[in-house]
Amino acid sequence: MPTVLILGAGSDMAVALARRYAAAGHTLQLAARNPDQLRPLEQDLRIRHRIAATVHAFDALNFESHGAFYQSLPTPPDIVICVFGYLGDQEKGQQDWNEASRIINTNYTGAVSVLNIAAESMAARGTGTIIGISSVAGDRGRMSNYLYGSAKAGFTAYLSGLRNRLWHAGVHVMTVEPGFVATQMTEHLTLPPLLTAQPAEVAEDIYKAAENKKNVLYTKWFWRYIMTIIRNIPEPIFKKKKL
Amino acid sequence: MRKSIANWGNYPALDCDEVSFASEDQLLQYVNSHDHIIARGNGRCYGDASLGEHSISTLRFDKAILFDEENGIFECQSGLTLDQILDIIVPRGWFLPVTPGTKFITIGGAVASDVHGKNHHSEGSFSNHIICMNVLTGKGMVTCSPETETDLFWATCGGMGLTGVITTVKFRLKKIETAYIAQKQIKAKNLDEVIQLFEEHKHYTYSMAWIDCLQKGDSFGRSILIVGEHATKQQLNAKAAQAPLTLPNKMKLTLPFNLPGFVLNNFTVKLFNALYYGKNTRRVIENVVPYEPFFYPLDAILHWNRGYGKDGFVQYQFVLPMDKKDGLVAILKKISDKGWGSFLAVLKTFGPQDDLISFPMEGYTLALDFPVRKGLFPFLDELDALVLEYGGRLYLTKDARMQERVFWDSYPNAQRFKEIVKEWNPDGKFRSAQSDRLNFQFASNNAG
């Protein structure tokens with residue numbers, strides 16, 4: 209069974225993905241800044257699904273460490289899922305460069321840094337799948353979260369270019385654009401229940417779409433249409449809204 | 508974030524600040540910086556036991572920790588639900604030692620309610636099968652068991668979260684050969700007959716009865732007794748025997764929205780009961796069924812609670828001592844005369860139980876639903892008076908409205924329980940809308 213590397217394995221979405229891939233019998237490599245926090249999940253996956261799992265220290269913001277991190281994995285992964293992200297505080301980030309750069313570096317620079325390494329490795333082997341969790345927030349900048357949104361927009365464009373390049377090398381790249389998901393990251397927000405997905409639903413969507421080699425996945429599915437509408441609102445109108 | 512939260516009965520709905528935790532560190536941080544906290548699992552208690560100023564959700568704290576497949580021992584974090592545990596253990600030949608009528612509860616909730624199942628008369632309540640657990644008390648994290656920190660252990664089993672937040676639980680499982688139950692359904696003409704049938708079938712591991720509480724005269728208390736045992740491989744048909752520990756796939760129905768209140772009236776209640784009763788045309792039916800419909804008949808309709816409309820309902824569950832059959836008759840009569848009856852009425856016998864604060868005691872327990880309506884609570888107060896008169900008590904997990912005095916007068920160890928709670932929760936950090944209503948008089952408690 210193929211090996212799956214989950215980057216940013218501490219989040220709710222990552223837990224759901226790990227469980228979905230483990231249920232299908234995959235070997236899991238779980239990576240996060242604090243690997244000790246992943247031990248309970250590692251144990252849980254072994255007990256639930258009798259699969260092999262390992263945990264690894266990975267800091268998205270420590271770009272220089274990414275090469276050594278990837279080299280240290282017990283086997284080169286067949287599927288890499290880049291889940292980590294940082295919503296941050298938009299208002300704080302407007303005044304505080306530390307916050308702004310953390311948003312940008314986590315969601316964009318860090319992701320590019322580690323996926324560049326994964327891409328080289330997979331291209332050399334001529335096989336593999338890269339799944340990047342971006343966000344519908346990257347489809348159009350809004351006043352409430354454009355720091356996060358612009359970093360995700362950059363990540364979406366990166367994945368699109370990477371897909372184009374790696375297709376020729378036999379490697380598949382899938383962009384995932386989740387809408388609202390009920391996670392700890394969004395617990396303090398009031399989300400409309402009908403538009404909000406549970407992490408397990410998103411994980412199921414991602415698993416199936418990756419199996420079918422989809423290029424861009426909106427999850428839940430209706431976000432594709434919601435975002436088409438939002439992208440097409442004329443700028444003179446859009447800019448006057450408080451979105 | 509503050510929001511209106513209700514548990515399974517949709518009554519009461521209270522404004523609570525609900526947060527979750529995924530690690531012990533997050534839990535510690537939250538508990539150290541907040542007061543008036545109550546743990547909440549999957550929200551399947553019926554009333555206000557897990558509602559409060561700050562309700563802390565255990566649902567993200569849901570990891571399996573240990574599964575000893577040789578000896579049948581399981582340990583997990585408190586937010587793991589029974590349905591997920593069953594998914595893990597049943598295919599490997601093990602079952603829950605005790606399960607209530609829904610599998611959508613967390614293990615923390617199972618302990619805090621000290622849940623009972625159809626096997627209470629033969630195997631006791633959940634606490635009977637716990638090896639040890641960790642509780643984040645008002646004095647820090649403590650490991651307790653029937654051997655160590657026993658006061659804390661027994662005040663936590665059935666203690667409705669008042670000793671602190673249960674974080675991990677280690678318990679014993681039951682060995683099974685198949686995922687099926689060999690069941691026997693027997694019609695009983697009336698209450699006397701069903702009570703006699705319970706007696707005749709008490710050697711069965713599992714037993715309960717559906718009782719039609721709207722019948723009068725000769726049919727008063729007509730019922731269907733259902734008893735069962737875990738099926739052996741030999742009892743399965745050829746197809747099921749190929750994969751004895753795997754269940755056939757099934758459809759799930761869901762009620763997506765609240766039905767208007769008028770759906771539940773005397774007519775529909777009678778119709779339901781008649782259908783259920785009429786379904787069995789013979790007096791005795793014996794068959795082998797998957798464990799799910801046997802243990803969790805209502806889980807197949809995912810949100811059946813919405814059938815009671817947006818005003819919600821209360822489930823009234825009491826237990827009376829074995830020698831108080833006249834009390835059972837008196838209470839059933841009162842319910843039947845009132846006609847505000849119940850979509851679901853379950854009768855069961857409990858075996859002996861002599862721990863601190865758990866609900867079961869040797870006797871009969873009856874559980875009924877009442878949609879919330881004008882005049883209901885005074886009526887239930889009248890029922891409470893009868894329950895007290897006959898030496899019984901009410902299940903705190905179902906309770907949303909009992910008056911303070913009823914609790915303190917009916918639970919013989921209530922004062923001792925309160926003393927232990929105060930020892931482990933000295934500042935009243937852990938308290939719920941229910942504990943305020945029942946007036947536990949924590950230091951800063953102004954209620955009552």
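Residue numbers (the working numbering), protein chains in the order written: chain V, 209 to 451; chain A, 508 to 955. Virtual Cβ for every residue (Gly too), placed ideally from N, Cα, C. Since this is a predicted model, take the numbers as computed values, not measurements.
{"query": "Entirely enclosed beta strand (DSSP E) segments - the segment 868-943 of chain A, minimum 3 residues", "result": "870-878"}
{"query": "Residues from the segment 526-548 of chain A in contact with chain V, defined by Cβ distance under 7 Å", "result": "Val526, Ser527, Ala529 and Ser530"}
{"query": "Assumed close pair glutamate 385 (chain V), serine 342 (chain V) - CB separation to whole angstroms, cut-off 8 Å", "result": "6 Å"}
{"query": "Contact belief for phenylalanine 528 (chain A) with leucine 680 (chain A) at Cβ below 8 Å, rounded distance in angstroms", "result": "Phenylalanine 528 (chain A) to leucine 680 (chain A), Cβ: 27 Å. No contact."}
{"query": "Rounded separation between alanine 520 (chain A) and methionine 382 (chain V) - CA only", "result": "43 Å"}
{"query": "Residues of its chain near asparagine 952 (chain A), where Cβ-Cβ distance is below 8 Å and the 5 sequence neighbours each way are ignored", "result": "Residue placement at asparagine 952 (chain A) is flagged as unreliable, the pLDDT there being 45, under the threshold of 50; a coordinate-derived value is accordingly withheld."}
{"query": "Those residues which DSSP pairs with tryptophan 717 (chain A) across a bridge", "result": "A:Ile731 and A:Val853"}
{"query": "Sub-7 Å separation of leucine 281 (chain V) and glutamine 237 (chain V) beta-carbons", "result": "yes"}
{"query": "Proximity test, Cβ basis, 7 Å: lysine 570 (chain A) and chain B", "result": "Protein chains V and A are contained in the structure displayed, whereas chain B is not."}
{"query": "Whole-Å CB distance - tyrosine 823 (chain A) paired with phenylalanine 877 (chain A), under 8 Å assumed", "result": "6 Å"}
{"query": "Boundaries of the beta strand (DSSP E) in which aspartate 699 (chain A) is found, first to last residue", "result": "Premise fails: aspartate 699 (chain A) lies in the alpha helix (DSSP H), 698-707, not in any beta strand (DSSP E)."}
{"query": "Option nearest tyrosine 871 (chain A) by Cα separation, candidates A:Lys832, A:Thr674 and A:Ala837", "result": "A:Lys832"}
{"query": "Residues of the segment 247-274 of chain V whose Cβ lies closer than 7 Å to any Cβ of chain A, in chain order", "result": "Pro248, Leu249, Gln251, Asp252, Ile255 and Arg256"}
{"query": "Contact the segment 303-321 of chain V vs the segment 349-358 of chain V: 3+ CB pairs below 8 Å", "result": "yes"}
{"query": "Leucine 323 (chain V) - DSSP class collapsed to helix/strand/coil", "result": "helix"}
{"query": "Interface partners of phenylalanine 574 (chain A) on chain V, CB under 7 Å", "result": "Ile255"}
{"query": "CB contact check: glutamine 298 (chain V) to chain A, cutoff 7 Å", "result": "no"}
{"query": "Spatial distance of lysine 428 (chain V) from aspartate 413 (chain V) (CA atoms)", "result": "8 Å"}
{"query": "Below-7 Å beta-carbon distance, asparagine 517 (chain A) vs any chain V residue", "result": "no"}
{"query": "Beta-carbon spacing of glycine 615 (chain A), threonine 670 (chain A) below 7 Å", "result": "no"}
{"query": "Candidates A:Trp515, A:Asp719 and A:Thr675, of which the one nearest aspartate 732 (chain A) by Cα", "result": "At residue 732 (chain A) the sequence reads leucine, which differs from the aspartate that was named. Checked all of A:Trp515, A:Asp719 and A:Thr675; the closest Cα to leucine 732 (chain A) is A:Asp719."}
{"query": "Aspartate 220 (chain V) beta carbon less than 7 Å from that of glutamine 406 (chain V)", "result": "no"}
{"query": "Cut-off 6 Å between Cβ atoms - residues of its own chain near tryptophan 431 (chain V), not counting five sequence neighbours on either side", "result": "Val344 and Gly387"}
{"query": "Lysine 360 (chain V) classed as buried or exposed, judged by whether at least 16 other C-beta atoms fall within 10 angstroms", "result": "buried"}
{"query": "Distance, valine 212 (chain V) Cα to glycine 608 (chain A) Cα", "result": "38 Å"}
{"query": "Euclidean distance between Cα positions of glutamine 922 (chain A) and lysine 677 (chain A)", "result": "28 Å"}
{"query": "Within 7 Å of chain V by C-beta, residues of the segment 589-602 of chain A in sequence order", "result": "Ile595"}
{"query": "Spatial distance of aspartate 844 (chain A) from tyrosine 711 (chain A) (CA atoms)", "result": "33 Å"}
{"query": "Closest Cα partner of threonine 663 (chain A) within the set A:Pro933, A:Gly846, A:Leu873 and A:Phe924", "result": "A:Phe924"}
{"query": "Alpha helix (DSSP H) segment containing lysine 435 (chain V), residue limits", "result": "According to the sequence shown, residue 435 (chain V) is methionine rather than lysine. Where methionine 435 (chain V) is concerned, the enclosing alpha helix (DSSP H) stretches over 431-440."}
{"query": "Candidates V:Phe292, V:Ile311 and V:Gly293, of which the one nearest alanine 299 (chain V) by Cα", "result": "One point to set straight first is that residue 299 (chain V) is glutamate, not alanine, in the sequence displayed. Answer by Cα proximity: V:Ile311."}
{"query": "The segment 589-607 of chain A / the segment 645-655 of chain A touching (three or more Cβ pairs under 8 Å)", "result": "no"}
{"query": "Where the beta strand (DSSP E) through methionine 382 (chain V) begins and ends", "result": "380-386"}
{"query": "Proximity of leucine 907 (chain A) and glycine 554 (chain A) at Cβ, strictly below 7 Å", "result": "It should be pointed out that residue 907 (chain A) corresponds to alanine in this sequence rather than to leucine. Taking 7 Å as the Cβ cut-off, alanine 907 (chain A) and glycine 554 (chain A) qualify as a contacting pair."}
{"query": "7 Å Cβ cutoff met for methionine 715 (chain A) and lysine 610 (chain A)", "result": "no"}
{"query": "Selection from V:Ala327, V:Pro285 and V:Gly346 that minimises the alpha carbon distance to leucine 370 (chain V)", "result": "V:Ala327"}
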